[in-house]
Each structure stands twice: as C-alpha cells, then as structure tokens.
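In the working numbering, the protein residues as written are 6 to 131.
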C-alpha cells in the first residue's frame, strides 16, 4: 500500500457530547505521512474554528466504528468510549500512517476520534 491516499473519517469528541454521524468529516492524506502531518491536515480542514489550536495538542485515537446507521453508530461509539478506550492510546506524532493503517479503511466507518486537550473546547463548538 506504499504511497496510497487514505480517506479517513474523523469526529471531534468532547466528554459528554452526543455522537452524531452528521458531524463526521473526511481527510485525504498519503499513507507515507506521519500522524503529525495528519494533525496539520485536520487543523487546516477545520479552519477558522481551529485557528487557535496547536495541531500538536490534538489527541487522535484510531478506531473502526461503523457509521452508516445513526443509532448503531451512537451505541458503538459509546461502547468504545466507556469500555474499550485506553486514554493512553493516543496516536504517536512521529508514527507513519502506513504503520497504523495497513490497508485502506473500510468505507462507512469512523477512523479517527479527535479528543480534547487543554483549552481545546473554548474554541470548538458545533
């Protein structure tokens, strides 16, 4: 999969938010890039809302949550947050995306959760 363009579906999450597939957005990025570059792409995609957020302060979590049905998405998202997620599992800034995504992610799935960092939610409100 060398040099392949990944299409990643992302969701900005704040503790207590109601997960909604209507708030997903996609980012296209080469699998040869790093997580740091992905953070830069996410920040650029969400301008001007993320203008005061440093890309390095974003916390990214890799997930595979089906996002084709709103009810199922909410249930699976909550299960992940409540039961499966380890807060220490942030994606490493220097890690290559090809090491994280060995193949193109499945269509119709949430791939990245962007989590809060200090000062994050002052600026981000949908």
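Even glycine gets a Cβ: it sits at the ideal position worked out from N, Cα and C. For clarity, every value in this text was computed on a predicted model and none was experimentally measured.
So the candidates are the options; which of them puts its Cα closest to the Cα of residue i?
i: residue 87; options: 104, 95, 21; result: 21
i: residue 28; options: 14, 41, 40; result: 14
i: residue 82; options: 91, 94, 69; result: 69
i: residue 76; options: 57, 93, 24; result: 24
i: residue 85; options: 118, 109, 54, 58; result: 118
i: residue 104; options: 38, 32, 47; result: 38
i: residue 41; options: 110, 108, 107, 99; result: 99
i: residue 19; options: 78, 108, 63, 57; result: 63
Within 10 angstroms of the Cβ of residue i, are there 16 or more other Cβ atoms? Answer buried if so, exposed if not.
i: residue 44; result: buried
i: residue 26; result: buried
i: residue 120; result: buried
i: residue 130; result: Legend: pLDDT at residue 130 = 44, less than 50; position of this residue unreliable, value from coordinates given subsequently. So residue 130 counts as exposed.
i: residue 72; result: buried
i: residue 74; result: exposed
i: residue 47; result: buried
Report, in whole angstroms, the separation of the C-beta atoms of residue i and residue j, which I expect to be a contact under 8 angstroms.
i: residue 96; j: residue 67; result: 6 angstroms
i: residue 16; j: residue 102; result: That belief does not hold up - the Cβ atoms of residue 16 and residue 102 are roughly 18 angstroms apart, past 8 angstroms.
i: residue 36; j: residue 11; result: 5 angstroms
Notebook entry, point to check: Counting only runs that start and end within the stretch 58-105, where is the alpha helix (DSSP H) found for 4 or more residues in a row?
Noted result: 75-84, 102-105
Problem - Complete runs of the alpha helix (DSSP H) confined to the stretch 26-56 [at least 4 residues] - result: 40-50
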